[in-house]
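Each step along the sequence shown adds one to the number in my numbering, with nothing skipped, and position 191 is 1150. Every residue, glycine too, gets a C-beta built ideally from N, C-alpha and C. Here's the structure, in structure tokens; my notes come after.
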Amino acid sequence: MKDGVNGVALGVFVFFFLAVTVLGFLAARWRKAENEHSLDEWGLGGRSFGTWITWFLLGGDLYTAYTFVAVPAAIYAAGASGFFAVPYTILVYPLIFTFLPRLWSVSHRHGYVTTSDFVRGRFGSKGLSLAVAVTGILATMPYIALQLVGIQAVLDVMGVGGGEDTNWFVKDLPLLIAFGVLAAYTYSSGLRAPAMIAFVKDTLIYLVIAVAIIYIPIKLGGFDEIFAKAGEKYTAAGAGGLVPAPAGQWTYATLALGSALALFMYPHSITATLSSKSREVIRRNTTILPLYSLMLGLLALLGFMAIAAGVKVTNGQLAIPQLFEDMFPDWFAGVAFAAIGIGALVPAAIMSIAAANLFTRNIYKDFIKPDATPEQETKISKLVSLLVKVGALIFVLTMDKTVAINFQLLGGIWILQTFPALVGGLFTRWFHRWALLAGWAVGMVYGTLAAYGVASPTQKHFGGSAEEIPGIGEIGYIGLTAFVLNVVVTVLLTFALKALKAPDGIDETTPADYTADAGDPGVEVELPPATAGTSH
């Protein structure tokens, strides 16, 4: 690690950071609507984004700064088992092709802003809707925190903020400034800000990876040398070489499958999806988003390169930023750091908007102020988006970084438990609302307790997301085991409740709603009850 501040890299980083800050504030004027005081405008960009804007927005949403840092860091620390992120992003796109267009159609038809809106409308249950909303908010908070961790990793490698003995305010001031800028332009521009900045973010990331995958291997003697050194390290460490050991293959497979099922349950994924202008935009995006999987596979190789380059760090999250500083000229290291930093701002903005929309629509409006006007909803959502980011900032500044990572893993276990209500509800009304709520509760409790019992060399609880699968004896992803229990309980209780003729909720949707497109005759966004009185 170089001594002091890397002035050139910092200068390039600041330039790009200022550029996207300006873009963030200018975004408020981009496609400006006549009535900005509605969640459709502030929280969903007016539901007006086309194929390429949606593609950049979803890419900026799903492939975050933490992805940029953590995926190759996992390879650096644990070998090929860290590649699980690549197959799960391959699995996820055929999966979402089956249900995202249906969700877009019914949400467009009824004016749904969140997944909880759909669940409430489909099953006639505010309780189930509340469960989905609370789960979404809880799962999103540590995810936002990890974006700030990504920015902090870059700042640490550039030498910004001083050493460990530096006053805490001076040390964290750069992160506080980045947070303040993020909060300001998100409040001002809503979803339009990350949509515009995503163009810059993804362009920089593709540029950095393209250069890295060519330039770094040339400096290190080629891929043969890189893989040979990585294999030597893993063998010496007892990690089983470049291929996961047989004992870890169940973990690898279940983690990939469970992560694929969970990815589009996250509120920010759905927020980016619902911002598109047509059903066809969603279908197109499921076919071109795999380009990001190609990028992710190349990105993962950086972990092997960090080993071959002799990068030594006490915190694995610093491995890739440190690789960039060691291998690139200072000016291009600044470009790479800017890609990571901006890669944190885009998803953090979308995540805070998504969490705020959930609170506003499914807690504030459903339980606190049912007669809230669209203007009041927007105001509350803006304020909550700030509070969510403040909470994430406090999390980062006061807790050990491994705690943030483990809570994000726990968030993945939690969010997967909303799959039966959301995806199941998109295809069938057979499930009973009380059975879905009970299945969700069982999955949440089992997943949380199982994760609590996992220890690691650095902590006693929440030390990972894999545990022995009951009845099978293999080590597997806790979230997928909890999901299976969730589904079993839901199905059995549905049979029982239907036999007892328990009252079912009112379904406000119709079969035609699930295949409707924006241009279809008679298909207009139905305004929620609070906005009734205006013509459609």
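Selection from the options that minimises the alpha carbon distance to residue i
i: residue 1099; options: 1346, 1401 and 1408; result: 1346
i: residue 1315; options: 988, 1095 and 1077; result: 1095
i: residue 967; options: 1278, 1071 and 1292; result: 1292
i: residue 1458; options: 1389, 1424 and 1406; result: 1389
i: residue 1281; options: 1396, 1117 and 1207; result: 1117
i: residue 978; options: 1301, 1066, 1170 and 1092; result: 1301
i: residue 984; options: 1290, 1140, 1296 and 1231; result: 1140
i: residue 1334; options: 1263, 998 and 1077; result: 998
i: residue 1033; options: 1310, 1274 and 988; result: 1274
i: residue 1450; options: 1379, 1427 and 1278; result: 1379
i: residue 1422; options: 1186, 1052, 1410 and 1403; result: 1410
i: residue 1001; options: 1131, 1364, 1319 and 1385; result: 1319
i: residue 1142; options: 1040, 1323, 1417 and 1351; result: 1351
i: residue 1470; options: 1066, 1188, 1368 and 1435; result: 1066
i: residue 1190; options: 1037, 1429 and 1460; result: 1037
i: residue 1018; options: 1431, 1244 and 1376; result: 1244
i: residue 1208; options: 1473, 1434, 1438 and 1020; result: 1434
i: residue 1356; options: 1108, 1008, 1415 and 1062; result: 1108
i: residue 1312; options: 1008, 1072 and 982; result: 1072
i: residue 916; options: 1070, 1461 and 1317; result: The question about residue 916 has no answer, for the chain in this structure spans 960 to 1495.
i: residue 1262; options: 972, 1003, 974 and 1035; result: 1035
i: residue 1364; options: 1403, 1349 and 1420; result: 1420
i: residue 1404; options: 973, 1370 and 1418; result: 1370
i: residue 1387; options: 1453, 1336 and 1021; result: 1453
i: residue 1353; options: 1114, 1050, 1138 and 1021; result: 1138
i: residue 1030; options: 1044, 1021 and 1020; result: 1044
i: residue 1010; options: 1271, 1247, 1144 and 1082; result: 1247
i: residue 1349; options: 1061, 1307, 1476 and 972; result: 1307
i: residue 1429; options: 1212, 1406, 1169 and 969; result: 1406
Delimiting residues of the beta strand (DSSP E) encompassing residue i
i: residue 1037; result: Taken as a continuous stretch (DSSP letters only), residue 1037 belongs to no beta strand (DSSP E), being part of the alpha helix (DSSP H) at 1024–1037.
i: residue 1251; result: Counting along the chain, residue 1251 falls outside any beta strand (DSSP E), though it belongs to the alpha helix (DSSP H) covering 1249–1267.
i: residue 1180; result: Taken as a continuous stretch (DSSP letters only), residue 1180 belongs to no beta strand (DSSP E), as it is neither H nor E.
i: residue 1436; result: 1434–1436
Residue-level contact to chain D via CB, residue i, 8 Å cutoff
i: residue 1023; result: Here chain D cannot be found, since the structure has a single protein chain.
Residue i: first and last residue of the uninterrupted alpha helix (DSSP H) it sits in
i: residue 1426; result: No alpha helix (DSSP H) contains residue 1426, which is instead part of the beta strand (DSSP E) from 1425–1427.
i: residue 1402; result: 1392–1411
i: residue 1083; result: Element bounds for residue 1083: n/a, residue is neither H nor E.
i: residue 1006; result: It is not in any alpha helix (DSSP H) - residue 1006 carries neither H nor E in the DSSP assignment.
i: residue 1279; result: 1278–1286
i: residue 999; result: 998–1001
i: residue 1211; result: 1208–1222
i: residue 1072; result: From DSSP, residue 1072 is part of no alpha helix (DSSP H); its letter is neither H nor E.
i: residue 1290; result: 1289–1318
i: residue 971; result: 966–985
i: residue 1226; result: 1226–1233
Residue i and residue j closer than 8 Å at C-beta
i: residue 1048; j: residue 1252; result: yes
i: residue 1006; j: residue 1236; result: yes
i: residue 1106; j: residue 1024; result: yes
i: residue 1413; j: residue 1445; result: no
i: residue 1249; j: residue 1074; result: no
i: residue 1215; j: residue 1046; result: yes
i: residue 1147; j: residue 987; result: yes
i: residue 1077; j: residue 1384; result: yes
i: residue 1425; j: residue 1309; result: no
i: residue 1305; j: residue 1104; result: no
i: residue 1376; j: residue 1441; result: yes
i: residue 1264; j: residue 1135; result: no
i: residue 1322; j: residue 1092; result: yes
i: residue 965; j: residue 1427; result: no
i: residue 1267; j: residue 1185; result: yes
i: residue 1372; j: residue 1437; result: yes
i: residue 1008; j: residue 1234; result: yes
i: residue 1080; j: residue 1439; result: no
i: residue 1443; j: residue 1276; result: no
i: residue 1090; j: residue 1399; result: yes
i: residue 1064; j: residue 1476; result: yes
Open item on the list: Quick check: the segment 1211–1222 against the segment 1056–1065, are at least 3 beta-carbon pairs closer than 8 Å?
Closed with: no
- [ ] Check whether the segment 1080–1099 touches the segment 1250–1262, counting contact only when three or more Cβ pairs, one atom from each stretch, lie closer than 8 Å.
- [x] no
Task: Uninterrupted alpha helix (DSSP H) stretches inside the segment 1330–1387 (no shorter than 4 residues) - done: 1333–1357 and 1360–1375
TODO: Could you tell me whether the segment 1164–1175 touches the segment 1381–1399, using the rule of 3 or more Cβ pairs below 8 Å?
DONE: no
Open item on the list: Check whether the segment 1147–1155 and the segment 1325–1336 are in contact - that is, three or more C-beta pairs closer than 8 Å.
Closed with: no
Open item on the list: Contact between the segment 1283–1298 and the segment 1155–1166 is defined here as three or more beta-carbon pairs at a separation below 8 Å; is this criterion met?
Closed with: yes
- [ ] Please determine if the segment 1238–1248 and the segment 1011–1020 are in contact, where contact requires at least 3 C-beta pairs separated by less than 8 Å.
- [x] yes
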